[in-house]
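Shown next, in structure tokens, is the structure this report addresses.
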Amino acid sequence: MPMDESLLDDIIRRLLEAKNGRTPKQVQLTEAEIRQLCLTSKEIFVSQPNLLELEAPIKICGDIHGQYSDLLRLFEYGGLPPEANYLFLGDYVDRGKQSVETICLLLAYKIKYPENFFLLRGNHECASINRIYGFYDECKRRFNVRLWKTFTDCFNCLPVAALIDEKILCMHGGLSPELKNLDQIRNIARPADVPDQGLLCDLLWADPDKDIEGWGENDRGVSYTFGADKVSEFLQKLDLDLICRAHQVVEDGYEFFAKRQLVTIFSAPNYCGEFDNAGAMMSVDDTLTCSFQILKPSDKKGKVGFGNMSRPGTPPHKDHCISIDLPSLLLFLLYDECIIQLVNLNFSSLLWARGDRDDERPSSCCNSMPEELTSFLEDEMSLEGIQGRNARQTSVLHLDGAPNGDLPCNLRWFSSFFTRAFRSASSSHWVVVYLDGRPQLLSESSSWIHLDLQYGNMVSNRSQLYQMVFHRMAE
10 MPMDESLLDD IIRRLLEAKN GRTPKQVQLT EAEIRQLCLT SKEIFVSQPN LLELEAPIKI
70 CGDIHGQYSD LLRLFEYGGL PPEANYLFLG DYVDRGKQSV ETICLLLAYK IKYPENFFLL
130 RGNHECASIN RIYGFYDECK RRFNVRLWKT FTDCFNCLPV AALIDEKILC MHGGLSPELK
190 NLDQIRNIAR PADVPDQGLL CDLLWADPDK DIEGWGENDR GVSYTFGADK VSEFLQKLDL
250 DLICRAHQVV EDGYEFFAKR QLVTIFSAPN YCGEFDNAGA MMSVDDTLTC SFQILKPSDK
310 KGKVGFGNMS RPGTPPHKDH CISIDLPSLL LFLLYDECII QLVNLNFSSL LWARGDRDDE
370 RPSSCCNSMP EELTSFLEDE MSLEGIQGRN ARQTSVLHLD GAPNGDLPCN LRWFSSFFTR
430 AFRSASSSHW VVVYLDGRPQ LLSESSSWIH LDLQYGNMVS NRSQLYQMVF HRMAE
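In terms of my numbering, the sequence shown opens at residue 10 and continues consecutively.
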């Protein structure tokens, strides 16, 4: 059912008018308006192929992650639709503060200009991911869970790849060992949830790796990494010139790989308020010449995402650093530079988290979590519960474990249940994980930050603070 054009224009106008100064204000569309955006755009997605066949000139953008002000900056630089054609490579929601405004403006433009404005699916356009990394909480806080489910139905119909003038192949993640020809992408059925493995999973999750040849294990715990040799082999076999993808933070907003046969584009500068990366938009002209427009990172840290990280916080008091026997996990949750939660968990009986390595993606069996743990996570660690408790109060959950002493693989995923409670807060937060007598720090980025206590090696823009924390814990 077509959307009323005057209503659509009014929604776009309100979303664009949110820009007043450096930070856009929140735009409270009605639930009915957002639902109509989802339903109408879903019909358009399904009517168009899973492998979009597009023509240059076109502008290509990478991850946005709810950084609505930066999305508006991209349109300022590139021109509002239909002044320019656009292709977005996915990851519109999660982590940033305004995922709702971000996805609503993109869906509105898709409806308004269906043949000039294109959206691909990212790995965060998936219920099992955005349930954890912020979008669910934003929908629940501002509207309700029903609306989040409506978004999920829409996301399940997004196309997953685009081919520009038969020479530039675009997707969110990367290549797949299963991908032999482009008809395989065309034939992926929709609507579809993202599986744990296979072609669709790889297109959304895979990463290039300059240090390997062939296919390798992905540190994310899902999909693969691939070497430059696989890029060259794939391009030659399919007579392509370039692979264009997103999915990874890169310092300059774009980064080439495999002798400029692959380019990564990331369009969220100062990602999560923690990184000093630039954002980028790639313009492809009629001759398929590629150029880049750069969104420079702000000098002011903490504008978006997790809050200002520039000044050191107070390290945990030694009294809070209890000693425990394995198998167990000790997490310190810091908020407003004070410990507010101390959680001592025995995980060995939680079979839903078993595996070979850390995993950013929840396992398919996560729905079988013990009810006791689910209740604790939802109630004790909710944002409202945290803000309402005394800054030094301790909350401890004890779970009985099996005698084999196994620890879970999904520590990064598990910690996200805690850290997502801070998603809407403007203050600093960290999770310190204490394993095998050695502390490690877990950030909301896709990778672990390690400190080797013996040699003191650490890469972090808050290394002094981290060392204070870790050394105090090690005393």
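We treat Cβ as the ideally placed atom computed from N, Cα and C, and that holds for glycine.
Distance between F284 and E62 (C-alpha atoms, nearest Å): As a first step, residue 62 must be located in the sequence shown, where it is residue number 53. As a first step, residue 284 must be located in the sequence shown, where it is residue number 275. Distance between the alpha carbons of E62 and F284 is about 34 Å.
Any beta strand (DSSP E) of 3 or more consecutive residues that is wholly inside the segment 233-312: Here the runs fully enclosed are 233-235, 251-254, 263-266, 271-274, 288-293, 299-304.
Spatial distance of R22 from Q302 (CA atoms): Here residue 22 refers to the residue found at position 13 when the sequence shown is read from its first residue. Here residue 302 refers to the residue found at position 293 when the sequence shown is read from its first residue. If you draw a straight line from the Cα of R22 to the Cα of Q302, it is about 25 Å long.
Same chain, Cβ closer than 7 Å to F54, five either side skipped, listed in chain order: In the sequence shown, residue 54 corresponds to position 45, counting from 1. Within the same chain, F54 has close Cβ partners C166, L167, P168.
Residues near K51 in its chain [Cβ-Cβ closer than 8 Å; skip 5 each side]: Mapped onto the sequence shown, residue 51 falls at position 42. D162, C163, C166.
Contact the segment 183-194 vs the segment 212-223: 3+ CB pairs below 8 Å: Touching, yes, given that three or more Cβ pairs across the two stretches are closer than 8 Å.
Beta-carbon gap between L98 and G75 smaller than 7 Å: To locate residue 98, count along the sequence shown from 1; it is residue 89. To locate residue 75, count along the sequence shown from 1; it is residue 66. G75 sits away from L98, with the two beta carbons spaced by 7 Å or more.
Simplified DSSP assignment, three categories, for C179: Within the sequence shown, the letter at position 170 stands for residue 179. Looking at C179 - three-state DSSP - the assignment turns out to be strand.
Check whether A255 and H181 have beta carbons under 7 Å apart: The residue you call residue 255 lines up with position 246 of the sequence shown. The residue you call residue 181 lines up with position 172 of the sequence shown. A distance below 7 Å separates the beta carbons of A255 and H181.
Ranges of the alpha helix (DSSP H) found wholly within the segment 40-109, counting only runs of at least 4: If we require 4 residues or more, the alpha helix (DSSP H) runs fully inside the segment 40-109 come out as 40-56, 77-87.
Residue range of the unbroken beta strand (DSSP E) whose run includes I173: Counting from one through the sequence shown, the residue named residue 173 turns up at place 164. Counting along the chain, the beta strand (DSSP E) containing I173 begins and ends at 170-173.
Cβ pair L172, I252 closer than 7 Å: Position 163 of the sequence shown, counted from the start, is the residue given in the question as residue 172. Position 243 of the sequence shown, counted from the start, is the residue given in the question as residue 252. For L172 and I252, no; Cβs fall outside 7 Å.
Given D146 as reference, the closest of K189, F127, V109 once Cα atoms are compared: Counting from one through the sequence shown, the residue named residue 146 turns up at place 137. Nearest C-alpha to D146 among K189, F127, V109: V109.
Among D100, S300, I197, nearest to F144 - alpha-carbon criterion: Your numbering for residue 144 matches position 135 in the sequence shown. The shortest C-alpha separation from F144 is found at D100.
C-alpha distance - F265 paired with K219, whole-angstrom precision: Numbered from its first residue, the sequence shown carries residue 265 at position 256. Numbered from its first residue, the sequence shown carries residue 219 at position 210. A direct Cα-Cα distance of roughly 11 Å separates F265 from K219.
Nearest neighbour of P90, chosen from D18, I274, Q37 [CA to CA]: Position 81 of the sequence shown, counted from the start, is the residue given in the question as residue 90. Out of D18, I274, Q37, D18 has the C-alpha closest to the C-alpha of P90.
Residues sharing a beta bridge with L128, DSSP: Within the sequence shown, residue 128 is the residue found at index 119, counting from 1. Looking at the DSSP assignment, L128 forms a beta bridge with F97.
Where D218 falls: helix, strand or coil (DSSP): Translated into the one-based positions of the sequence shown, residue 218 becomes position 209. Shown here, D218 sits in coil according to DSSP, grouped into three states, outside any helix or strand.
Pick from N94, Y86, G207, G288 that is closest to A277, judged by C-alpha positions: Position 268 of the sequence shown holds residue 277. The residue with the shortest Cα to Cα distance from A277 is G288.
Residues sharing a beta bridge with G225, DSSP: Position 216 of the sequence shown, counting from 1, holds the residue named residue 225. Beta-bridge pairing links G225 to T234.
Proximity below 7 Å, CB of L96 to CB of L115: Your numbering for residue 96 matches position 87 in the sequence shown. Your numbering for residue 115 matches position 106 in the sequence shown. The Cβ atoms of L96 and L115 lie no closer than 7 Å to each other.
Exposure label - Q37; buried when at least 16 CB within 10 Å: As a first step, residue 37 is located in the sequence shown; it is residue number 28 there, counting from the start. The residue is exposed, with fewer than 16 neighbouring Cβ atoms inside 10 Å.
Range covered by the alpha helix (DSSP H) that runs through Q206: Locating residue 206 in the sequence shown gives position 197, counting from the first residue. Note, Q206: premise wrong, no alpha helix (DSSP H); not H, not E.
Backbone CA spacing between D216 and D295 [nearest angstrom]: Your numbering for residue 216 matches position 207 in the sequence shown. Your numbering for residue 295 matches position 286 in the sequence shown. When rounded, the distance between both Cα atoms is 29 Å.
Check whether A198 and L60 have beta carbons under 7 Å apart: Counting from 1 along the sequence shown, the entry for residue 198 is found at position 189. Counting from 1 along the sequence shown, the entry for residue 60 is found at position 51. In this structure, A198 keeps its C-beta atom at 7 Å or more from the C-beta atom of L60.
CB contact flag (A65, D174, <7 Å): One-based indexing of the sequence shown puts residue 65 at position 56. One-based indexing of the sequence shown puts residue 174 at position 165. Yes, Cβ-Cβ distance for A65 and D174 is below 7 Å.
Terminal residues of the alpha helix (DSSP H) in which V154 lies: Working through the sequence shown from its first residue, we reach residue 154 at position 145. According to the DSSP assignment, V154 belongs to the alpha helix (DSSP H) that extends over 154-164.
Top-ranked residue by Cα proximity to N196, from K246, V154, Q57: For this step, residue 196 is matched to residue 187 along the sequence shown. Per the C-alpha coordinates, the member of K246, V154, Q57 positioned closest to N196 is Q57.
Backbone CA spacing between Y77 and Q107 [nearest angstrom]: Residue 77 sits at position 68 when you count from the first residue of the sequence shown. Residue 107 sits at position 98 when you count from the first residue of the sequence shown. Just so you know, the alpha carbons of Y77 and Q107 end up roughly 6 Å apart.
Environment of V3 [buried if 16+ CB atoms lie within 10 Å]: Since the first residue shown for the chain is 10 and the last is 484, residue 3 is missing from the structure and cannot be characterised.
Which of helix, strand or coil DSSP assigns to Q193: As a working note, residue 193 is residue 184 in the sequence shown. Collapsing the DSSP output to three states places Q193 in a helix.
Where S436 falls: helix, strand or coil (DSSP): Numbered from its first residue, the sequence shown carries residue 436 at position 427. Because S436 sits at a pLDDT of 35, beneath the cut-off of 50, its placement in the model cannot be relied upon, and the following sentence gives the value as read from the coordinates. It is coil, neither helix nor strand.
Through-space distance from V231 to V203, alpha-carbon basis: In the sequence shown, counting from the first residue as 1, residue 203 sits at position 194. In the sequence shown, counting from the first residue as 1, residue 231 sits at position 222. Those two C-alpha atoms are separated by around 12 Å.
Whole-number beta carbon distance between L83 and M290, since they are thought to touch under 8 Å: Taking the sequence shown and counting its residues from 1, the one referred to as residue 290 is at position 281. Taking the sequence shown and counting its residues from 1, the one referred to as residue 83 is at position 74. So it is a contact: roughly 6 Å between Cβ atoms.
Anticipated Cβ contact below 8 Å, G223 with D238, distance rounded: Mapped onto the sequence shown, residue 223 falls at position 214. Mapped onto the sequence shown, residue 238 falls at position 229. About 7 Å; that satisfies the 8 Å criterion.
CB of L80 within 7 Å of CB of T111, strictly: Taking the first residue of the sequence shown as position 1, residue 80 is located at position 71. Taking the first residue of the sequence shown as position 1, residue 111 is located at position 102. Yes, they are a contact pair.
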